[in-house]
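In our numbering, the protein residues as written are 174 to 317.
No residue lacks a Cβ here, since even glycine has one placed at the ideal position from N, Cα and C.
In this text the structure is predicted, and so the values were computed from the model without any measurement.
Data first, discussion second: the structure below is written as structure tokens.
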């Protein structure tokens, strides 16, 4: 339906082998990044956010994470847990990160949340919800 509803200057492209989707935004940014970010300025808000609700660790959360870990171990799964970088730069709470490292293999947990080199440049994001492939590639390079 996107071809009937979303009409942009450039079409989105899809790579079936890698399952990568390249949005027309990348072509617009390459063409004129200043114009793109000026046009999108209403989609970005002031950072950092300081009035966010803390996510307390719950017994239900612990139970679910342990169930996931049991399944991963049962199937001898090689895995990495990535806490994504967010435009809003809200860091994962220390207790949440410690829980992930306690339940899963500590060296398989990667935290990119908070204020860091991936979240600082506005140019790493299309808008406040989605980071660009350059960020994904940096994450993949650093965890492999």
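query, result
"Could you check where the beta strand (DSSP E) with residue 194 kicks off and where it finishes?", "193-195"
"Nearest-angstrom Cα distance between residue 178 and residue 317?", "Low per-residue confidence applies at residue 178: pLDDT is 48, beneath 50, and the placement is therefore not dependable, though the value from the model is reported in the following sentence. Their Cα atoms are separated by approximately 38 Å."
"Among 266, 252, 291, whose alpha-carbon lies nearest the alpha-carbon of residue 281?", "252"
"What is the rounded straight-line gap between the Cα of residue 202 and the Cα of residue 228?", "35 Å"
"In its own chain, which residues sit with a C-beta less than 8 Å from the C-beta of residue 235, not counting the 5 before and 5 after it?", "272, 276"
"Could you name the residues of the same chain whose beta carbon sits closer than 6 Å to that of residue 187, not counting the 5 residues immediately before and after it, in chain order?", "194"
"Within the same chain, show all residues whose beta-carbon is closer than 7 Å to that of residue 213, passing over the 5 residues directly before and after it, in chain order.", "300"
"Look at residue 256 and residue 284 and say whether their C-beta atoms are less than 8 Å apart.", "yes"
"Leaving out five residues on either side along the sequence, give the residues of the same chain with a beta carbon under 8 Å from the beta carbon of residue 288.", "221, 262, 264"
"Apart from the five residues on each side of it in sequence, which residues of its chain come closer than 6 Å, Cβ to Cβ, to residue 268?", "230"
"Reducing DSSP to helix, strand and coil, say where residue 263 ends up.", "coil"
"Below 8 Å on the Cβ atoms is my contact criterion, and I expect residue 292 with residue 260 to pass it. Report the Cβ-Cβ distance as a whole number of Å.", "7 Å"
"Bridge partners for residue 284 per DSSP, in chain order?", "256"
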